[in-house]
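Taking it in order: structure first as structure tokens, then the write-up.
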Amino acid sequence: MRPILSKTTYMYGLQCAKRLYMNKFHKTLANEEDEITQSIFQTGTDVGELAQQLFPNGVNAQGDEEFHSDITVLKTDELLLTNNIIYEAAFIYNEVICAVDILVKKGDEYYAYEVKSTTKVKPQHIEDAALQYYVLKNCGLKIADFSIVHFDSSYVKIGAISIDKLFKATSVLEEVGDKQSSIETNIEAMKLLLQQSEIPIKEMGKQCYTPYDCNFSRHCKSLLPTVEEIEVIPDNSIQVEKDLWNDFTSSIQYPLYYFDFETIMYGIPVFDYSRPFQQISFQYSLHVQNELGGNILHFEFLGNGNDDPRETLIKQLIIELGTIGTVFVWNVTFEKDVLKKLAIDFPQYAVGINSIIDRLVDLMPPFRPNKTVFSEAFNGSYSIKKVLPIVVPELSYNDLIIQEGGTASFKYGQMNNLNEAEKELLRIDLLEYCKRDTFAMVKIFDNINALI
Ligand code: SF4
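In my numbering, the protein residues as written are 74 to 525.
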């Protein structure tokens, strides 16, 4: 029986009826996959393959097939007779095909494992596993347990990766059982939908990016009615609550430091003394003003894309930040968390790092709505990217090649694949981007002071 739905398309259907329909009949209208999305998929595949080592010596039912298909199903049927551990075992029931990452037979019972590149079980994983359980069970398999295999966020890599400790299997058998009554109804509704001749009407909303970003977002956006453009000149004027600003600045102490980290997260830890998906600081920018009205000096650090950058970064940072003076950051939670982890992973520098933490001052809160600094043109946002061009009209991020942290992190992760000339260009772009973040703070702080 040819499948009509797969695990992936069933999940599309749960997210949005239109996404399911578009994927089947109008695939060409999907967003083009960018390199960041491709790399996320690749990571998922790599993690799946690594997790197979939890149950070594299994056989892969998928073979050279690019997608799970009836061939994989036939191969699975054969393997079930001879093998106790099967990877990517595929089954069809009720015109739904799905494959389970790892299937282990013990006696006459089966243990199913679905691998996810996350540090915990998420609600969408339960939906996904519930469908697999439904198909496997109805194909006659006695399922003793069904687990999601995910990273254990408390695992610290020291030496070679320990697969058994890196991953954690969490049983979802009970949750999956609770979902069974709705599966058949969902499947029938989706099949009916796929018989329609018209694209279902669905307005864009929260479902477009949760639990996953929808790959038809560009198409759906293009259908939104264009509002007759009446040119509205935004009111760029800035109001400052003088007393509140003076309160905020009263405790600052020179030298003033303006500091910002860039970080990268690796699901499978790359460096010793790091955990799955830990923020690894690979870069910082630091502007310093030693006294009121004094010259602005600049310092920076950028890893080489290969070695663990953290220890060299900490040593340089402790020297450059000195022992006194306010350290301004934009959104202190992030910088504080990264510094705290550095103090844990490199305890020999903990005293120096903790004294930096004590000096951090968040420059962001005065720009929150209804706080100290207000402009209609902020549009309710207090992101530095939004605040900067209003408070400092001559400065923005638009002239930079790298304009936001996600791209900086992704590009740094790719650095090792580049030749020397490309690497050098990337280093310049990364340095320029991070430098803008701290220079933005310098100028914002100066301009607000000048205003009052
Ligand atoms: S972009 Fe939103 S509305 Fe359009 S298909 Fe995707 S989830 Fe549905």
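Where is the CB? At the ideal position from N, CA and C, for every residue including glycine.
Cβ-based burial, residue i [other Cβ within 10 Å; buried from 16]
i	result
Y282	exposed
F22	Summary: the structure shown does not reach residue 22, with the chain confined to residues 74 through 525, and so no result is reported for it.
H223	buried
S354	buried
N96	buried
G453	exposed
H99	exposed
D418	buried
P420	exposed
S227	exposed
L436	buried
K193	exposed
L239	buried
T258	exposed
K179	exposed
Q125	buried
I525	exposed
V424	exposed
Q268	exposed
G584	What the structure shows of the chain is the stretch from 74 to 525, and residue 584 is not part of that stretch, so it cannot be assessed.
F114	exposed
Nearest-angstrom beta carbon gap, residue j and residue i [assumed within contact, 8 angstroms]
i	j	result
Y186	I175	4 angstroms
T399	L317	About 17 angstroms separates the two Cβ atoms, so there is no contact after all.
V460	N520	Not a contact, Cβ separation roughly 10 angstroms.
N489	N379	6 angstroms
R348	V229	6 angstroms
I341	I231	Not confirmed; about 14 angstroms, so no contact.
L204	I236	In fact, because the Cβ distance is near 27 angstroms, the residues do not count as touching under 8 angstroms.
D333	D510	4 angstroms
K508	S295	Contact flag wrong, Cβ pair sits at about 36 angstroms.
F374	Q389	5 angstroms
K409	L433	6 angstroms
L78	V177	The Cβ separation is near 26 angstroms, so there is no contact.
Y455	R441	5 angstroms
L154	Y183	About 14 angstroms; that fails the 8 angstroms criterion.
V515	Y331	5 angstroms
K210	D225	Incorrect: roughly 28 angstroms between the Cβ atoms, too far for contact.
P284	Q88	7 angstroms
L93	M263	6 angstroms
P273	K444	Not a contact, Cβ separation roughly 44 angstroms.
P76	I165	5 angstroms
E364	Y327	5 angstroms
Per DSSP, the bridge partner or partners of residue i
i	result
F240	F224
H198	BP columns for H198 are empty, so no partner.
E335	Q356
H371	H360
C171	F164
F219	A185
N133	Y160
Q351	Y339
L394	BP columns for L394 are empty, so no partner.
K179	E182
S448	DSSP lists no partner for S448.
L401	Before going further, note that residue 401 is Phe rather than Leu in the sequence given. Partner(s): Y331 and V434.
Q269	BP columns for Q269 are empty, so no partner.
Q312	F447
S454	Its beta-bridge partners do not exist; DSSP assigns none.
S79	I170
Own chain, CB closer than 8 angstroms to residue i, minus 5 neighbours either side, in chain order
i	result
A134	T145, K148, T149, L152, I159, Y160, E161, A162, A163 and A172
V132	L152, N156, I158, I159 and Y160
I463	N309, I311, S448, A450 and F451
K496	G378 and M488
K195	K189 and P284
R291	N104
Same chain, Cβ closer than 6 angstroms to residue i, five either side skipped, listed in chain order
i	result
A202	E187, F219, V245 and V249
T191	H223
I109	F483
N522	none
K252	A203
Y83	L204
G117	S190
7 angstroms Cβ shell around residue i - same chain, five flanking residues per side excluded
i	result
L412	I426, I429 and I430
S482	E335, T336 and I337
L491	L499
N288	A103 and N104
E314	T445
Y470	K458, Q476 and R509
L504	E373 and L375
Closer than 8 angstroms: residue i CB and nearest the ligand ADP heavy atom
i	result
M277	Looking for the ligand ADP in the displayed structure turns up nothing; the ligands present are the ligand SF4.
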